[in-house]
Every structure is written in C-alpha cells, then in structure tokens.
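Heads up, the working numbering is the position in the sequence shown plus 32, with the first residue counted as 1.
Every residue gets a Cβ at the ideal spot worked out from N, C-alpha and C, and that includes glycine.
Notes for the one structure printed next.
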Amino acid sequence: MSKKIIIVGSGNAALSAGIASLEKGAEVTIYEKANKKMAGGNTKYTAGAMRFSYESGDQLIDLLNNPNDERLKDTDFGSYTQEKFKNDLLNFNDGRPLSWEQEILVSKSLETIQWLSSHDVKFEPIYSRQSFIKEGKHIFWGGLTLASENEGVGLFNQELSAFLSLGGKIFYENAVTDLFFEDNVVKGIYIGDDKIESDGVILASGGFEANDDLRKSFIGANWLKAKVRGTPYNTGDGLKMALDIGAIKHGLYDGCHATPMDLHMKNYGGLDLEPKERKNYRKICYFLGIMVNAKGLRFLDEGKNFRNYTYAQYGRQVLEQPGHFAWQIFDSKVFDLLYEEYRFHDAHFVEGETIDELISKMDGIDKIETKKTIVEYNNSVDLNTAFDPTILDGKSTLDLSIKKSNWAQRIDKSPFRAFPVTGGITFTYGGLKINKNGSVLDIHNKPIVGLYACGELVGGVFFNGYPGGSGLTSGAVFGRIAGYGATK
C-alpha cells in the first residue's frame, strides 16, 4: 500500500519534494493557501537561476532546453568547483565554519539539477545577466550560469508539470491551519475544522518575511520599513505550527535575503503585475556607479565583489541608512550595461545633463555633500587600470575612507541618472533543524515522527548572505531529501 504524503506549500522546494515522493510510489497531495494565479511561493518572483558546482561546461549541455544554441560554440562557462562554492558560502558565514546544511547544499547541487533535468525541467544560459562579451566570446563571470526559460515562472511551470505528470494532486485556496499531532506523531493536517490524515507531512511553506510582527520580533523594527519582494503568503505559518509542537529553532533568525529595491515600489512588487515583472523593481547594478545616503555620503564598497555576492546583503545596508533609502548614481558610459529593470516602465529615476542638475532633482539628500562626494570620488579613481566587468578588474579608488575596489569609473559623461532605492526583503534565514532524511528535529534533537521540512524553512543554510542562485538550489536539494525521507 502506497504511503500518503501531504505537502504544505507549492513552490520550488514543495514541488521538488513532491516529485521525489512520487518517484518512490507515494500518493502525494499539495495544499496551497493561495489561489492558482498566486501559487508557487517565492519561486515565481525569482530569475529562475540555480547555482551549482560543475567542473566544465560540458556538464551543462544535457541540462539545456536547446543544446544546439549557436552561441554555445562561442561561450566560455568556465568551471565552478565544489571548493569554490564552499568558499563563496564561507564568505558570508562571519567566521563560522561550513554548516552541515551548507555541506549538503554544495555536495548535492549538481546531482539535484541533473535530477530535475531528468524530469524535463530544463535550463538556458543566462547570457543577458551573467556574461559579458569579450574578444568575441560570451564569458560567464560569477559561477552562476543557468536559469529556467521564462525565469521563476518557467521553473514553477516546469516543476508543476513534472509533479502532475507523475500523478501528484494540488489543491489551491486550501490553507493548512494546524498539524494533526497525536501521541508525539504528526499524523496529518487541519484545514480549518477538517482533519486530513497522512503518513507524512512536508512543510514547504516558506519563511516569515511577509509577517510584520515576526519581522519586527526576529529581525528588528527597521524591517517594518522594508519592501516585501516576494509572495504575501509567506507569513511563517509552517514555522509556527512546527514550533508549537516542540520543534527547535535553527539558524540565524535575524538574517535575511535583502536586496536594493525601487524606493517607490509597492509591497510584493505590485500584485497587479505578473510575477516576472515584479522582480524588475530590484536595483542591483550599483557596482557600475555609486550609492549615496541622505547625508550625501557613500556608505559601502559598491565594487567589493561581483554583484552575485553582494546584492543579497546590500539591501540591509541601504535600509540602515537615515530615512531607510539611498540613491544610485550612474553616467551614460554604463547605461547600456544596466540591467533591464533600470529601463522598466515603472522605474523611478531622475536625469540631468550636468551633475548639478541631477543633484537638484534628487529628493531628501544633502545636496552640497552629494556634490562633494561625487567630486572626491571622481578625483580618486585609478585611471591607469582598464575597466573590465568580466573580472574583478582592480580598477579602484585611491585614498577614500570607503574604497570602491573594482569597476571604479569617473561619473563624468552626460547625461546622468540617479535611482532612489530602499531595502527589500526576499526570504528569511532562520528556520527549523532537520536531519539527513529531512525530518524536523525537536528541542531534544530527536526527529518529530511524521514531520519533514524543506525550502526556506530549513535553518542553517545561510547566515550573513548568500551567493546568488543558491536559494532555489537549496530548495530543490532539501526538497528532494524531504521527499525521499518522507517515503522511507
């Protein structure tokens, strides 16, 4: 007799868990509190990119939707070894060694993407965002090479198709309100007063980023000012249900993925827009210019590293500035390198033919100090090093209290543009503790029988940030683990 598995949530982690459980012959049902259009958790809000280790570009070909793309013969994917992936994670650990969860993420990353590919979840090279053309070749620069066609929406649709084709069922507008917990065993769920029994429950319902009270409690009052980037349905329901029956908290509860966002964005990116459009409110090309706060001062190293390794942290630094905002300033030398979100129809910016005209249009700042900051920055730029966005080019500033380490070019070619930004929260890092089978552990580090977790609910994966694309990979890796574990 096949096992009956219930999954709470319907994003990338949930669907990966569902596919894995169905592979093992289980009867799998997903319950999702959103309607069909809004289902998918945060997955639909992403760019659909997945970071994973690989030794050479040859390992990517079988993963591609179009392995005959003419551009491939002029593409250098480089390599992204497990050692490199581990080092990238360590850079965000504030001195912590790699966690067990991070070790699993790295070691299982490639095989998990290959596993998704075996279920016809296919990918394409991210030419527009992760490569630059150099000497006639597409050079991938940040270890992040592949994304689903049609980004996060496409990833969701592909995974949902795989889930349904294997016999999975999904019910929308069915909010799970509690766990059926009896004799120290999770035996099912409640939807209102209705009890639904099962052999295992997998929580894949996301973090608590859309819950004002939990954000304030766990991360701080500043975070009431943050724009919520993703789904409005990630309100910590699964987390609270698990903690209520004795699960242990795990991970960094005051940590989160936080990205610079358009200051005038609506929460959730505007629910009147398609999810793919909502992500266009992020503003992550600061490395091509400078950022100044309300005092007219730079407050971080815009060129510290490739933006894959800084954007998920810099939203926090923007939010911590006076008034919880900043301005990103560029000149026309880099307009053609700015990502599409800077040309989005609802992108807010001001433009001037001169620096003085630009500053006169920038609201909420000390205009005298802003002019001084730009002049000092321009005078400090190393003119002897060539600008090269495909590498950490070392083109830096000299003798500034806050250095720009790479890609420092003078802001001197008109017209000039400035974009107002604030901090946007995508997902939270604090969650639950699991074992190698995806079982949720209690306060005595013992498995809670019948309860599993994956996705944003797994604590200990990220601490002070993460290299871009790791979140979706983590969801798939731990979703697969939970799906297999629940059917054992």
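Using a Cβ distance threshold of 8 Å, H289 and K465 do not count as a contacting pair.
Between T342 and N74, the C-beta gap is not smaller than 8 Å, which leaves the two residues out of contact. In this chain, the alpha helix (DSSP H) harbouring R348 covers Y343 to L351. Taking every protein chain shown into account, the CB of D90 has fewer than 16 other CB atoms within 10 angstroms, so this residue is exposed.
In this structure the region 342-356 lies against the region 449-468, because at least three pairs of beta carbons, one per stretch, are closer than 8 Å.
With distances taken between CA atoms, D231 lies nearest to K36 out of G175, R375 and K36. For S85, no alpha helix (DSSP H) run applies, since DSSP gives it neither H nor E. For secondary structure counted as the alpha helix (DSSP H) over 4 or more consecutive residues, the region 217-275 holds these complete runs in sequence order: 244-250. When only Cα atoms are considered, K65 and G50 end up about 17 Å apart. Distance check between I39 and each of L305, G270, T460 and N254 places G270 closest, using alpha-carbon atoms only. Using a Cβ distance threshold of 8 Å, Y498 and L284 do not count as a contacting pair. Counting C-beta atoms within 10 angstroms of its own C-beta, D294 has 16 or more neighbours from the protein chains shown and is therefore classed as buried. The C-beta distance from N325 to Q353 rounds to 4 Å, short enough to meet the 8 Å contact threshold.
Each residue's CA atom was taken as its position, placing K272 and N496 some 23 Å apart. I280 and I475 have their alpha carbons spaced roughly 5 Å apart. Per DSSP, the beta bridge partners of C288 are T460. DSSP, reduced to helix, strand and coil, places R339 within a helical segment of the structure shown. In the DSSP assignment, S471 falls within the beta strand (DSSP E) that extends over S471 to L473. Residues F212, G220 and I221 of the same chain have their beta carbon placed closer than 8 Å to that of K227, with the five preceding and five following residues left out of the count. For N67 and A207, the gap between their C-alpha atoms comes out near 10 Å. Taking H380 as reference, the option from E181, I387 and D395 with the minimal CA-CA separation is D395.
When only Cα atoms are considered, G72 and E309 end up about 15 Å apart. In the structure shown, the three-state DSSP call for F117 is helix. Just so you know, the alpha carbons of G200 and N216 end up roughly 28 Å apart. Setting aside the 5 residues that flank it on each side, G302 is surrounded in the same chain by R310, each with a C-beta closer than 7 Å to its C-beta; the list follows chain order.
Scanning F448, N411 and N243 for the CA closest to the CA of A440 turns up N411. Counted as a single uninterrupted DSSP element, the alpha helix (DSSP H) harbouring W132 occupies residues W132 to S150.
C-alpha of Y374 to C-alpha of N312: approximately 8 Å in a straight line. Remark: C-beta atoms of E383 and P447 approach each other more closely than 8 Å. By the Cβ neighbour-count rule, M33 is exposed, with fewer than 16 other Cβ atoms within 10 Å of its own. For the 8 Å CB-CB criterion, I234 and I480 do not form a contact. The C-beta separation of L430 from E408 comes to about 11 Å, leaving the pair out of contact by the 8 Å criterion.
The C-alpha of G335 is placed about 31 Å away from the C-alpha of W132. Here T417 is exposed, its C-beta having fewer than 16 other C-beta atoms within 10 Å. The DSSP-derived three-state label of V366 is helix. In this structure the region 485-495 lies against the region 132-150, because at least three pairs of beta carbons, one per stretch, are closer than 8 Å.
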